[in-house]
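Taking it in order: structure first as structure tokens, then the write-up.
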Amino acid sequence: MNPKPLLDIEDIHVEVEGKEIVRGITLKIFPGETHAIMGRNGSGKSSLSNALMGHPSYQITHGKASLNGQNLLDLSADKRSRAGLFLAFQYPMAIPGVTVANFLRAAIKARRGPEADMSDFRKLFKKEMDALAIDHSFATRYLNDGFSGGEKKRVEILQMAMLQPTMALLDETDSGLDIDALKTVSEGINRFRSDDTGVLMVTHYQRLLNYVKPQHVHVMINGRLVKSGGPELALKLEERGYDWVEEELSRSTGA
Amino acid sequence: MAKKDAKPMNDKFDNNGLISDLSNVLKQGPEWLLEKRRVSRDSFNNSPLPPRGLHLWRYTDPQKFINVSSTATDSATVGKQPSQINSDLSESDIPKGVIISSLSDAVENHRDIVEPHLYQLINSDTGKFEAQNGALWDNGLFIFVPSGVTINKPLHFQHVSSNAGSNNYPRLLIVVGDNAELSVIDEHLGAENNSDAPYYSNGAVEIFGYENSSVRYANLQEHSAKVHTFFTHRARLGRGANMLTATMSLGGLLSKQNYGVILDGDGAESNMYGLAFGSGHQHLDCHTLQHHRSSQTNSNIDFKVVLRDRAESAYTGLIRIEKEARNCEAYQINRNLLLNKGARAETIPELEILNEDVRCSHGATTGQIDPMERFYLEARGIDPSEAVRIIVAGFAESTLRHIPAEFRQGLQDAVAQKLKAM
Ligand SMILES: Nc1ncnc2c1ncn2[C@@H]1O[C@H](COP(=O)(O)OP(=O)(O)O)[C@@H](O)[C@H]1O
Ligand SMILES: [Mg+2]
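Sequence lines, in order, name chains A and B.
When we follow my numbering, the leftmost residue of the first sequence carries the number 332, and every step to the right adds one.
When we follow my numbering, the leftmost residue of the second sequence carries the number 61, and every step to the right adds one.
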């Protein structure tokens, strides 16, 4: 295994509106690895992912985060993206009047530079839409405007496929998907996985993990990763819920 | 004139801004027209300035138009570049019976069509500055499409104000017969080579859409930076006629525009999409009128405003539904996007609804770019200023998509240009 982590997070704390939500998270993701963070709603999973991406509402008050050795916290969101970080949002924003095709063209131009050759765009775009079973009519629809929950998630993965990041944070990408869509989207994620890329899935269900198998599973409670393990941990959570983790936790802290 | 040295700069106006000499235009044209010009002149000279208390003039001082029109020199005396018909229409694209002509030729050659229409929708009763155009218009165009005829490509008119310190009075008359179809782009440009020169432009557009006709009209206001421009548009629709109006206001220091559609036959329908983009110290004032005079008529207005720097906008929209106009629908929405503090948008809807059998709504919003939208674009690697450009282009899209495709790119570029150096 490559000894240098792709994503290296050290004791990250995140505040939202002056309230500490993420309370010290340390996590290393090496190239080729897929991790999952599981936790109940409200445990701080989205706060962590949004903060790593540079969302203006989430302040990182303490800790370090780097991608491929480059300090992320010094970079604005657009630079983090161009450095190879990608976040598939839990709630993607609608951008009225901006078509999916124009948006993606602009995003790719931002990577390649204003003078770059874009002649391959159309072909690549069609190929990825087909792979994700997205109707070509979506190319000229306004981004996320009136999309169903499932359509938004597919288009998030479409963006990931087009932008080819090195590290993908996938925030509840399975929510809103029916079983067929879940399969298609999972295949999209699996195509993205390689020896050079990393994936961090954030979810409160384990069903996505049946299709995209992580090597490492972490449990998040109250802004902290309280337990880590292999894929079997996800199954146990599915079966027994989170209560037993909390009980274990309070026993060990003696509370 | 009392003293020789008190001679005004402009031979059409005396020192008080009144029209004193009509010689240029009075010498030309048939007597019926000259009579209309004289009536208009007298009305302009004798009417007081419009009262500021009314919505129409609450946000713009009419005195500013008097000042600039009487100090600018007369375009006709300096030599002007007339309005041009700029289109790639070949002879074969223009069906038999269609007339495309200068308005001054048309008053002579097509009196039977011109006289019953010219001054019908815009005249000295409309307002003081409409009377000024009625007296002084010198740069006009006329289009007639006979019943049942369709022109497949858009007609493009370009009014270029080429002279520093000149006045312009363009006038456009469009008559579209029963079941006929027409698309027009009416472009008002400042001269590139002296974009800093002040001038005054006062334009009027009258459009008649007869039964079941279909008319698309796009107005592109791209005057140069120091222009004071006053502009009035009125369209009257007959039974079952359909009208689509798209307006872009980008230029001028002071722009006052007034767009109105009169739904004058059962089942007529009007859709209007507007975009005004102000920067620097621009003042953009727009009034719209949706006037329902017949039953089962529908009208819809979507008017958008983008402002940056210290630009100001005023939008006032009147929906009037007459007592005898039953079962009508009228909608109006005005959205204002302020790109920085210091820009200011005013909006006032006015409703005059004289019967209860209507569906009608109006709404207005004013806000900044949603930081969450911006973040979404930035999270995909798009830098912050490009993200703003894309969001504004998206905001403008609801108007731009109604402008004929061959002009869209140019307008998108013009919008992008206005966003530079943010
Ligand atoms: N933008 C926000 N504004 C205010 N509170 C927020 C915001 N985002 C998250 N929170 C709060 O932070 C806590 C954790 O939320 P979140 O990170 O979304 O959890 P999860 O993704 O695990 O469901 C919750 O109490 C939530 O209300
Ligand atoms: Mg969440």
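Just so it is clear, CB atoms sit at the ideal spot from N, CA and C, and this is done for glycine as well.
(message) Going by beta-carbon coordinates alone, are asparagine 358(B) and alanine 264(B) separated by less than 9 Å?
(response) no
(message) When you compare the CB positions of glycine 370(A) and tyrosine 536(A), do they come within less than 9 Å of one another, or not?
(response) no
(request) Using the DSSP secondary-structure output, state which residues sit across from aspartate 345(B) in a beta bridge. (result) Lys316(B), Ala374(B)
(message) Would valine 158(B) and alanine 166(B) be called neighbours here (beta carbons separated by less than 9 Å)?
(response) no
(request) Tell me whether serine 412(A) counts as near ligand 2, meaning its Cβ is closer than 8 Å to at least one heavy atom of that ligand. (result) no
(message) What I want to know is whether the C-beta of glutamate 503(A) ends up closer than 8 Å to one or more non-hydrogen atoms of ligand 1.
(response) yes
(request) Quickly, what does DSSP pair valine 533(A) with across the bridge? List them, please. (result) Ile368(A), Asp502(A)
(request) Go to glutamine 180(B), then tell me how far its beta strand (DSSP E) extends in each direction, as first and last residue. (result) Unbroken run through glutamine 180(B): none, as it is neither H nor E.
(request) Grab me the residues of proline 387(A)'s own chain with a C-beta within less than 7 Å of its C-beta, minus the 5 sequence neighbours each way, in chain order. (result) none
(request) Could you list which residues in chain B have their beta carbon closer than 9 Å to that of leucine 494(A), in chain order? (result) Arg440, Gly441
(request) Kindly indicate the opening and closing residues of the alpha helix (DSSP H) around arginine 101(B). (result) 91-106
(message) Nearer than 8 Å: is that true of the beta carbon of serine 377(A) relative to any heavy atom of ligand 1?
(response) yes
(message) Using only the alpha-carbon positions, how far apart do isoleucine 465(A) and asparagine 415(B) sit?
(response) 49 Å
(request) Would you mind telling me which residues of chain D sit closer than 8 Å to valine 429(A), beta carbon to beta carbon, in chain order? (result) The chain inventory of the structure shown lacks chain D, comprising the protein chains A and B.
(message) Would you say leucine 337(A) lies against chain B (beta-carbon separation less than 9 Å)?
(response) no
(request) Look at the alpha carbon of proline 545(A) and the alpha carbon of lysine 350(A), and state the distance between them as a whole number of angstroms. (result) 31 Å
(request) For the segment 306-319 of chain B and the segment 101-109 of chain B, state whether three or more C-beta atom pairs, one from each stretch, are separated by less than 8 Å. (result) no
(request) Give a yes or no on whether the minimum CB-CB distance between serine 135(B) and chain A is below 9 Å. (result) Any reading at serine 135(B) is ruled out, since the residue's pLDDT is 41, under 50, leaving its predicted position unreliable.
(message) For valine 543(A) and tyrosine 389(A), I'd like the C-alpha separation in whole angstroms.
(response) 28 Å
(message) Please tell me whether, using a cut-off of 8 Å, the distance from the CB of glycine 373(A) to the nearest non-hydrogen atom of ligand 1 is below it.
(response) yes
(request) Could you check if isoleucine 322(B) is buried or exposed, using at least 16 other CB atoms within 10 Å of its CB as the buried criterion? (result) buried
(request) Identify the continuous beta strand (DSSP E) that holds aspartate 246(B) and give its terminal residues. (result) 241-250
(message) Please return the same chain residues whose Cβ sits closer than 7 Å to the Cβ of serine 407(A), not counting the five positions on each side in sequence.
(response) Gly385
(request) Would you mind stating whether isoleucine 126(B) and glycine 187(B) have Cβ atoms separated by less than 9 Å? (result) no
(request) Give the single residue among Glu241(B), Val475(B), Asp443(B) whose Cα lies nearest to the Cα of aspartate 453(B). (result) One point to set straight first is that residue 453(B) is alanine, not aspartate, in the sequence displayed. Checking every option, the nearest Cα to that of alanine 453(B) belongs to Val475(B).
(message) Counting only beta-carbon separations shorter than 9 Å, does aspartate 502(A) have a partner in chain B?
(response) no
(request) Going by CA-CA distance only, name the one from Gly428(A), Pro427(A), Met424(A), Phe456(A) that's closest to arginine 436(A). (result) Phe456(A)
(message) Only counting the same chain, and skipping five residues up and downstream in sequence, which positions put a Cβ closer than 7 Å to that of tryptophan 92(B)?
(response) Glu175
(request) Give the range of the alpha helix (DSSP H) segment to which tyrosine 436(B) is assigned. (result) 431-438
(request) Keeping to the same chain, check which residues put their C-beta closer than 7 Å to that of aspartate 509(A); ignore five residues upstream and five downstream. (result) Gly481
(message) I'd like to know whether the C-beta atoms of glycine 298(B) and phenylalanine 268(B) end up nearer to each other than 9 Å.
(response) yes
(message) So, for threonine 357(A): in the same chain, excluding its five sequence neighbours on each side, which residues have a beta-carbon less than 7 Å away from its beta-carbon?
(response) Ile340, Glu341, Asp342
(message) I'd like the list of long-range same chain contacts for glutamate 433(B), defined as Cβ closer than 7 Å, with 5 residues on each side in sequence excluded.
(response) Ile451
(message) Quick check: the segment 458-478 of chain A against the segment 406-423 of chain B, are at least 3 beta-carbon pairs closer than 8 Å?
(response) no
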